[in-house]
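Read the structure below first, then the notes.
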Amino acid sequence: MQVQKPFKQIASKLASLKDTSELMIDLSYSSLLLNSRELAEEVQELEKHVDKLHTEFELLVLSSGFKPEDSKDFLGLIRLGIVAEEIADAAAEIADVILKVSEPHPILKQVIREAEETVARVRVPRNSSLVRKRLRDAEIAEETGMWVLVIRRGKRWLRPRPNTVIKAGDVLIASGYAEGVEDLKRLVSGSSESE
Amino acid sequence: MTELDKIEYTPVSVREVLTEMKDLSEIMIDLAYSAALFNNRDLAEEVLELEKRVDYLAYILDMNAMLAARDADDAESLIGVTKVAAATDKISDAAADIATIVLQEIGVHPVVREAFQKVEEHLARAEVKSDSMFVKKSLGELELAARIGVDLIAIRRGKRWIINPDEEEVIREGDVLFARGAAQGIDELKELAEGSCGRSTEEG
C-alpha cells in the first residue's frame, strides 16, 4: 500500500505533463493558422504551468525513496519529464512567432492547412443536443469527419478525452476536411428537441 | 564528421518541406511515447530513423529560406518560417530523446508504465508479408477502422513515409504499417499483415 501511493501520484503527474505538452503543440499550430494572439498567449501561459508541473514531478520522483537497484527505472521517469518540458518549450517557440512577427509568412498557414486541412471553431449553444453528452457519445468525428483538437471552457483549455462531457458555452476547435465544417456547425447547433 | 554527412543545397518548396517536418515530428512523438510506455525497441528505432530525416529537412529548409529573402520585408516574414521549422526540429529531437530511453535500456519504471498502458491506446508496427491479404488492397477496400477498430496513422515504404494515408493508398508487400487502436485490434492487424491468418476471423 505504502509503495503504491507515490507511484499513483507520479503516474498522474506524468500524464498531465504529457497531455499538457501535447495540447500545447496543437494549440500553437492553431494559433498560427488562426493568426490568434489569444491562443498564442494561452500557449505561453501553459508553458509556465508546465514548468511548475515539471518541478512537482521531479520532486515526487526524487522523494519516492527508491532503492539503488531501481535507479535506472527512475532515471527513465526523470528523462520523460525533461522531454515533456522540451516539447512544451518548442510549442511556446511556435506560438511566439505570432506574438513577435508582425505579418507571419503565408506559407505557415498553408502548411498547417495542408497538414490538417482546416480548423473550425464552434460554440455549443445552450439548446444543443450535444450538451451534457460525453465526447465519445457525441460521435463528432463519425458524423462530420472533424476531429476535436481542443475545447475552450471559459478561461480553460481542455484536451478532449472520450469521457469529456460537453457543456453549453464550450468552444470546440476542430480540424478536418473543409466539407466537414458545415456538418460540424449543423451538428453542434442542432437542438435536442428538433428530430 | 565524414564527407557522407555533408548536406548539399537542393532547391525545394519550403512549404512542402515544412509540411513534411510537421507531419513527421508529430508522428514521432506518438511513436516515441508508445515505444517508452510499451517498452518497444522496434518503434524506438523507427523514431531515430525519422529524426535523421527531420534533421536533414531542417538544413534544406533553412538554406532555401535564406535564398528566398531578397529584402528586409522578406526577412521579417520568413523568420517566422525558420523559427517554426526550428521548433519542429526540436520536437523531433525530444521524440528521439524518448526513444533513447528505450534503446539504452534505461526504461521507465514498470509500475508507471502499467498505469499508462491502461489509459493509452496501443500503437504498433506491423510488417506486411508477401502472403498477407493486405497486399495490393487499397485502404478504402480494407476498411480497417470499421472492421478491426484500428486507425492506420502511417505507412513506411522503404525510406519513404506516408503520413495519414488516404483511402486510395494501395498496400504493398514490405510496407510497414503503424496503427493505433485497442490491444485486440492491434493483434489482429499484426496477424493479418504477417499473413498468418489461417483462422480467418470472418465477422460481419
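Residue numbers (my numbering), protein chains in the order written: chain B, 32 to 226; chain L, -1 to 202. C-beta atoms are modelled at their ideal positions from N, C-alpha and C, and glycine is treated no differently.
Interface residues of chain B facing residue i [CB-CB closer than 9 Å]
i	result
isoleucine 96 (chain L)	Arg110, Leu111, Val114
glycine 78 (chain L)	Leu63, Val128, Ile129, Lys131, Val132, Glu134, Pro135, His136, Ile138, Leu139
Neighbourhood of residue i by C-beta distance below 6 Å, restricted to the same chain and skipping five residues each side
i	result
phenylalanine 36 (chain L)	none
isoleucine 207 (chain L)	Residue 207 (chain L) cannot be examined here, being either before or after the span of chain L that is shown, -1 to 202.
asparagine 158 (chain B)	Ser222
glycine 193 (chain L)	Lys127, Asp129, Ser130
proline 99 (chain B)	none
arginine 190 (chain B)	Asp50, Leu54
alanine 33 (chain L)	Leu41, Ala42, Ala97, Val100
alanine 115 (chain B)	Leu48, Lys49, Ser52
glycine 138 (chain L)	Glu165
alanine 119 (chain B)	Ser52, Met55, Glu78, Val81
glutamate 174 (chain B)	Leu218
Contact set between residue i and chain B, taken where Cβ atoms lie within less than 8 Å
i	result
serine 75 (chain L)	Val132, Glu134, Pro135, His136
tyrosine 31 (chain L)	Lys49
Residues of its chain near residue i, where Cβ-Cβ distance is below 7 Å and the 5 sequence neighbours each way are ignored
i	result
tyrosine 1 (chain B)	Given that chain B is displayed from residue 32 to residue 226, the structure contains no residue 1 (chain B) and the question cannot be resolved.
glutamate 136 (chain L)	A small fix is needed here, since residue 136 (chain L) is serine in this sequence, not glutamate. Within the same chain, serine 136 (chain L) has close Cβ partners Glu165, Glu166, Glu167, Val168.
lysine 44 (chain B)	Leu84, Glu87, Phe88, Leu91
serine 133 (chain B)	none
glutamine 115 (chain L)	Leu35, Phe36
alanine 94 (chain L)	Val45, Leu46, Glu49
arginine 68 (chain B)	Ile129, Leu130
Spatial neighbours of residue i in its chain, beta-carbon cut-off 8 Å, leaving aside the 5 residues before and after
i	result
glutamate 171 (chain L)	Val126, Lys127, Ser128, Ser130, Val133
aspartate 72 (chain L)	Ala66
isoleucine 41 (chain B)	Phe88, Leu91, Val92, Ser95, Leu108
serine 47 (chain B)	Leu84
lysine 164 (chain B)	Val196, Ile197
glycine 176 (chain B)	Gly207, Tyr208, Glu210, Gly211, Asp214
tryptophan 188 (chain B)	Leu54, Leu58, Glu73, Leu77, Val181, Ile182
valine 106 (chain L)	Ala34, Leu35, Asn37, Ile99
Status (buried if at least 16 other CB within 10 Å, exposed otherwise) for residue i
i	result
leucine 59 (chain L)	buried
tyrosine 31 (chain L)	buried
alanine 144 (chain L)	exposed
isoleucine 169 (chain L)	buried
glutamate 44 (chain L)	buried
leucine 84 (chain B)	buried
methionine 19 (chain L)	buried
glutamate 147 (chain B)	With a pLDDT of only 49 at glutamate 147 (chain B), under the threshold of 50, the placement of this residue in the model should not be trusted, and no figure is reported.
threonine 8 (chain L)	exposed
valine 52 (chain L)	buried
isoleucine 5 (chain L)	exposed
arginine 167 (chain B)	exposed
asparagine 38 (chain L)	buried
asparagine 66 (chain B)	exposed
alanine 123 (chain B)	buried
valine 117 (chain L)	exposed
methionine 26 (chain L)	buried
threonine 157 (chain L)	Inspection of the sequence shows that residue 157 (chain L) is occupied by lysine rather than by threonine. Exposed.
Interface residues of chain L facing residue i [CB-CB closer than 7 Å]
i	result
isoleucine 125 (chain B)	Val82, Ala85
lysine 103 (chain B)	Ile104, Gly105
glutamate 210 (chain B)	Correct list: empty, because the minimum Cβ distance to chain L is about 14 Å.
leucine 54 (chain B)	The contacting residues do not exist; leucine 54 (chain B) stays about 12 Å from chain L at best.
leucine 45 (chain B)	Val110
Contact test: residue i Cβ vs the ligand GTP heavy atom, cutoff 7 Å
i	result
isoleucine 160 (chain L)	As presented, the structure is devoid of all ligands, the ligand GTP included, so that no description of it is given.
8 Å Cβ cut-off: residues of chain L touching residue i
i	result
alanine 121 (chain B)	Ala85, Thr86, Lys88, Ile89, Ala92
alanine 42 (chain B)	Val109, Val110, Ala113, Phe114
glycine 107 (chain B)	Ala34, Ile99, Ile104, Gly105, Val106, His107
isoleucine 204 (chain B)	Ordered by position in chain L, no residue passes the 8 Å Cβ test against isoleucine 204 (chain B), which lies about 17 Å from the chain.
Chain-ordered neighbours of residue i on chain L, where CB pairs are closer than 9 Å
i	result
glutamate 117 (chain B)	Lys88, Ile89, Asp91, Ala92, Asp95
* To do: Only counting runs of 4 or more residues, tell me where the alpha helix (DSSP H) segments fall wholly within the region 14 to 91 of chain L, in order along the chain.
  => 39 to 66
* Asked: At a Cβ cut of 9 Å, what residues of the region 63 to 91 of chain B count as close to chain L, listed as they run along the chain?
  -> Leu63
* Give, in chain order, every residue of the region 9 to 29 of chain L whose Cβ lies closer than 8 Å to some Cβ of chain B. => Val12, Arg13, Leu16, Thr17, Lys20, Asp21, Glu24, Ile27
* **Every unbroken alpha helix (DSSP H) within the region 85 to 144 of chain L, with a cutoff of 4 residues, ordered by chain** => 108 to 117, 137 to 140
* Going along the chain, which unbroken runs of the alpha helix (DSSP H) with 4 or more residues stay wholly within the region 153 to 216 of chain B? -> 166 to 169, 171 to 175
* To do: Could you pull out every unbroken alpha helix (DSSP H) segment of at least 4 residues lying fully inside the region 74 to 155 of chain B, listed in chain order?
  => 102 to 131, 137 to 147
* Only counting runs of 3 or more residues, tell me where the beta strand (DSSP E) segments fall wholly within the region 148 to 198 of chain L, in order along the chain. => 148 to 155, 158 to 161, 174 to 179
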